[in-house]
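What follows is one structure encoded as structure tokens, with my remarks underneath.
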Amino acid sequence: MLKIDVLTIFPRMIEAGLAEGVVGRARTAGLLDVVVHNLRDFTTDKHHVVDDVPFGGGPGMVMKPEPFFAALSAIRAQRGAPDAVILLSPAGERFSQDGARRLSALGHFVLLCGRYEGIDERVREVLATEELSIGDYVLSGGEIPALAVIDAAARLVPGVVGDDSSVEADSFTRGLLDYPHYTRPAEFEGRQVPEVLLSGHHAEIRRWRREAALQRTQQRRPDLLATAALDAHEREWLKRSKS
Ligand code: 4HQ
Numbered sequence: 000m001l002k003i004d005v006l007t008i009f010p011r012m013i014e015a016g017l018a019e020g021v022v023g024r025a026r027t028a029g030l031l032d033v034v035v036h037n038l039r040d041f042t043t044d045k046h047h048v049v050d051d052v053p054f055g056g057g058p059g060m061v062m063k064p065e066p067f068f069a070a071l072s073a074i075r076a077q078r079g080a081p082d083a084v085i086l087l088s089p090a091g092e093r094f095s096q097d098g099a100r101r102l103s104a105l106g107h108f109v110l111l112c113g114r115y116e117g118i119d120e121r122v123r124e125v126l127a128t129e130e131l132s133i134g135d136y137v138l139s140g141g142e143i144p145a146l147a148v149i150d151a152a153a154r155l156v157p158g159v160v161g162d163d164s165s166v167e168a169d170s171f172t173r174g175l176l177d178y179p180h181y182t183r184p185a186e187f188e189g190r191q192v193p194e195v196l197l198s199g200h201h202a203e204i205r206r207w208r209r210e211a212a213l214q215r216t217q218q219r220r221p222d223l224l225a226t227a228a229l230d231a232h233e234r235e236w237l238k239r240s241k242s
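Residues in the sequence shown are numbered from 0 upward in steps of one, following numbering that gives the first Met the number 0.
Here it is as structure tokens:
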């Protein structure tokens, strides 16, 4: 079972995000062991203060190091030494499907969520073993990135997604964008579902989907083609479609 600990001042935000859908089911099924810790529980002052003014001046507040250190000690004592302690930050390495695969294969990792201007640098230096970013935009805290990391890693744990073939078909498992999906009705708003999908010819359907995924990837994310897992037929199709 994959074990994850999350440190945050907004535990309800994490709990709400983990309660529904595939991840919620994985937790109740005992495939995923997530414990969310309130950073304020690891303060020692009367008002449970987690932030302070920045040395050197400037705007905003900085998260104090002591609650993170106390929480990590408690996590090590209660839950064992983690394989990774991950700080969510725009300065981190970009989180990717490969990153999700790597984390899903660990036994235990910890996610540190910051708020305000950021976290005291000594948390990064001493506690964090790595730093991850979910993209080049500024969020108000690390909670949404933590949820993205947990969701992407959890769905790669065997059994979490009911149908394995659904994970295999996912965009990025093959390194390509997904093909277009349709359901009933066969005509809607004057727009027809591609004939081949109604034909029952499974080999032709497979071929249409493969080519649609290739075409879409070439048009929207040509950068992905450099590392995609393509067979000889797919490489040939791409070469022909360029000319
Ligand atoms: N943060 N990917 C937490 C991010 C972020 C991102 C901004 C992290 C605020 C306090 N984290 N600090 N993008 O925007 O991971």
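Yeah, the Cβ is synthetic: ideal placement off N, Cα and C, and Gly gets one too.
None of the values given here were measured: they were computed from a predicted structure.
CB-CB under 6 Å to residue i, same chain, minus the five flanking residues each way: which ones, in chain order?
i	result
Leu-175	Ala-212, Thr-216, Ala-227
Glu-130	Leu-86, Ser-88, Gly-91
Arg-121	Pro-64
Asp-32	Met-0, Lys-2
Val-5	Ile-13, Val-35, Leu-110, Ala-145
Tyr-178	Arg-208, Ala-211, Ala-212
Ser-170	Leu-176, Asp-177
Gly-79	none
Gly-16	Leu-146
Say yes only if the C-beta of residue i is nearer than 6 Å to one or more non-hydrogen atoms of the ligand 4HQ, and no if none qualify.
i	result
Gly-141	yes
Pro-89	yes
Gly-20	no
Pro-144	yes
Leu-126	no
Ile-133	yes
Val-61	no
Val-137	yes
Gly-250	As displayed, the chain neither begins before 0 nor continues past 242, which places residue 250 out of reach and without an answer.
Gly-113	yes
Can you list, in chain order, the residues of its chain with a C-beta nearer than 7 Å to that of residue i? Leave out the 5 residues immediately preceding and following it.
i	result
Leu-197	Ala-185
Glu-14	Val-35
Arg-39	Ile-8, His-47, Val-49
For residue i, I'd like the list of residues in its chain whose CB is within less than 8 Å of its CB, leaving aside the five on either flank, ordered along the chain.
i	result
Pro-58	Glu-116
Gly-199	none
Val-166	Arg-154, Leu-155, Val-160, Thr-172
Val-84	Leu-71, Phe-108, Val-109, Leu-111, Leu-126, Ala-127, Thr-128, Glu-129
Ser-139	Arg-114
Ser-132	Leu-87, Ser-88, Pro-89, Ala-90, Gly-91, Glu-92, Arg-93, Phe-94, Pro-144
Let me check one thing: in DSSP terms, what residues is residue i bridge-paired to?
i	result
Met-62	Asp-50, Ile-118
Gln-191	Glu-186
Leu-86	Leu-111, Glu-130
Thr-42	In DSSP, Thr-42 forms no bridge with anything.
Thr-7	Asn-37
Glu-92	Leu-131
Leu-1	Leu-31
Original post:
For the segment 190-233, which segments carrying the alpha helix (DSSP H) assignment without a break, of at least 4 residues, lie completely within its bounds, in sequence order?
Top reply: 201-219
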